[in-house]
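*Asks:* Take this structure first; my questions come after.
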Amino acid sequence: MHQAQHTQPVRMASVFDVSQKVLVVDDDEDTRRLLAHHLSDYQVETAGSGAEALALIQDSGPWAVVVSDYMMPEMDGITLLQELSEREPETVPIMLTAHGDLEVAVRALHEGRIFRFLTKPWQDHQLRLCVDQALSQYRAQVSEQLLLDRLQQQNQDLSRRLEEMKALRRRLQQWADFSPVVIYEAVVDGEAYRNDYVSSNLERLFGFDRIAFVGDPGFWTGRVHPDDLPRLHEAFSRLRSEDSARGECRYRARGGDEQWVEVLDRFRRDSMTPSGRMRITGAWQPVA
3 MHQAQHTQPV RMASVFDVSQ KVLVVDDDED TRRLLAHHLS DYQVETAGSG AEALALIQDS
63 GPWAVVVSDY MMPEMDGITL LQELSEREPE TVPIMLTAHG DLEVAVRALH EGRIFRFLTK
123 PWQDHQLRLC VDQALSQYRA QVSEQLLLDR LQQQNQDLSR RLEEMKALRR RLQQWADFSP
183 VVIYEAVVDG EAYRNDYVSS NLERLFGFDR IAFVGDPGFW TGRVHPDDLP RLHEAFSRLR
243 SEDSARGECR YRARGGDEQW VEVLDRFRRD SMTPSGRMRI TGAWQPVA
């Protein structure tokens, strides 16, 4: 008989550490020895009573499979397996019963969540097949639980990151409310210019609604003074050709009140395609 080594209690043991552990519970010593002999290919340990079995489960658990006799003094098999299902719900229970004991089988199904029944005397191949199936069931249950735990952890991580992003957005909004510059993102393709993002202080500093602003690809360049627009295009051209990915340009732009405002435009190139299409991030600052 292979005696399982006692280990410290582990609630979330690896599937591979537990998947061959079988606990045999029977008050008859000869029956325990015979069962252990037939299951000698697994990690088998035996207990002579329900109380002894619960002590082993507490000290050396979890177990993949518990094979328990029904008729035992003090604590019968159904009571044991009920207690087992509360302590180790992934452990797969198998019950041994006397031949034709239908009433016991029905009660066990309702109260003990039994995986399989084996009648005495059992056939060796039936016993091994039943235990093999129970071990497969255990591995499937534990793998599913590990997956659910992982998904739950990922959901918690995602929720935490979303809260962090919300907090960051609130801080950025507060910063934008007091900032003297408007942050923007834009795509520059030749002389075509499209803003994908502008900060919320655009209206405060320039008098424009940012939603309408982003929706109109030519809105900003259409507000630049015609005499200054070539200077802005030239600055973008230098950004494509020079090693430096940063640039700036001073020009006049018409504000929301239709008055000309001198603007200091600082920008950097974030990316560029082989055709010269650039994505830039920049800041507009009104110059008093």
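Going by our numbering, the residue at position 196 of the sequence shown is 198; the numbering climbs one at a time, nothing skipped.
Quick reminder that beta carbons are idealized off the backbone N, C-alpha and C, glycines included.
Bear in mind the structure is a predicted one, so any value in this text is a computation, not a measurement.
Starting from the C-beta of P182, find all residues in its chain whose C-beta is less than 7 Å away, skip the five residues before and the five after it, and write them out in chain order.
*Replies:* If we look at P182 and ignore the five residues flanking it on each side, its Cβ neighbours are Q287.
*Asks:* Thinking just about the alpha-carbon of each residue, which of G224, A49, A55 is nearest to the one in E31?
*Replies:* Ranking the options by Cα distance to E31, first place goes to A49.
*Asks:* State yes or no: is the C-beta of S21 within less than 8 Å of the C-beta of R118?
*Replies:* Not closer than 8 Å, so no.
*Asks:* For Q128, which option in H40, V108, L82 has the closest C-alpha, if you only look at C-alpha atoms?
*Replies:* Of the candidates H40, V108, L82, the one whose C-alpha sits nearest the C-alpha of Q128 is H40.
*Asks:* Kindly identify the DSSP beta-bridge partner or partners of I282.
*Replies:* Partner(s): A188, R271.
*Asks:* Are the CB atoms of T223 and Y253 within a distance shorter than 8 Å?
*Replies:* Not a contact, by the Cβ cut-off of 8 Å.
*Asks:* So what's E250 in DSSP terms, helix, strand or just coil?
*Replies:* Strand, per DSSP.
*Asks:* Where does R118 sit, in a helix, a strand or coil, going by DSSP?
*Replies:* R118: strand per DSSP, three-state reduction.
*Asks:* By DSSP, does L25 sit in helix, in strand, or in coil?
*Replies:* Reduced to three states, the DSSP call for L25 is strand.
*Asks:* Quick check on the DSSP output: what are the complete alpha helix (DSSP H) runs of length 4 or more inside the region 24 to 67, in order along the chain?
*Replies:* As far as the region 24 to 67 is concerned, its whole alpha helix (DSSP H) runs of at least 4 residues are 31 to 40, 52 to 62.
*Asks:* Go through its chain and collect everything with a Cβ distance to R115's Cβ below 6 Å, but skip five positions before and after it.
*Replies:* These residues qualify, in order along the chain: S87.
*Asks:* Please confirm if the region 89 to 98 is in contact with the region 58 to 74, defined as three or more CB-CB distances below 8 Å between the two stretches.
*Replies:* The region 89 to 98 is in contact with the region 58 to 74.
*Asks:* Where do the ends of the alpha helix (DSSP H) carrying M167 lie?
*Replies:* Run containing M167: 126 to 180, per the alpha helix (DSSP H) assignment.
*Asks:* Beta-carbon within less than 7 Å of G258's beta-carbon, same chain only, minus the 5 sequence neighbours each way: which residues are those?
*Replies:* These residues qualify, in order along the chain: F208, G209, F210.
*Asks:* Do E250 and D267 have their C-beta atoms within less than 8 Å of each other?
*Replies:* Yes.
*Asks:* So does the region 226 to 244 actually touch the region 135 to 153, counting three or more Cβ pairs closer than 8 Å?
*Replies:* Cβ pair count under 8 Å is below three, so no.
*Asks:* Count the other CB atoms within 10 Å of the CB of P95; is the residue buried (16 or more) or exposed (fewer)?
*Replies:* Label assigned to P95: buried.
*Asks:* Bridge partners for S70 per DSSP, in chain order?
*Replies:* Beta-bridge pairing links S70 to V27, M97.
*Asks:* Using 10 angstroms around the beta-carbon of S138, count the other beta-carbons present and answer buried if the total reaches 16, otherwise exposed.
*Replies:* It is exposed - the Cβ of S138 has fewer than 16 other Cβ atoms within 10 Å.
*Asks:* For T9 and D28, what's the separation of their Cα atoms in angstroms?
*Replies:* Low per-residue confidence applies at T9: pLDDT is 37, beneath 50, and the placement is therefore not dependable, though the value from the model is reported in the following sentence. So the alpha carbons of these two residues sit roughly 22 Å apart.
*Asks:* Once DSSP output is grouped into helix, strand and coil, what is the label at E236?
*Replies:* Three-state DSSP puts E236 in a helix.
*Asks:* I'd like the span of the alpha helix (DSSP H) that includes A214, first residue to last.
*Replies:* Counting along the chain, the alpha helix (DSSP H) containing A214 begins and ends at 212 to 217.
*Asks:* Could you tell me whether the Cβ atoms of L98 and D71 are closer together than 8 Å?
*Replies:* Contact: yes.
*Asks:* When you compare the CB positions of M280 and R248, do they come within less than 8 Å of one another, or not?
*Replies:* In this structure, R248 does not lie closer than 8 Å to M280 by Cβ.
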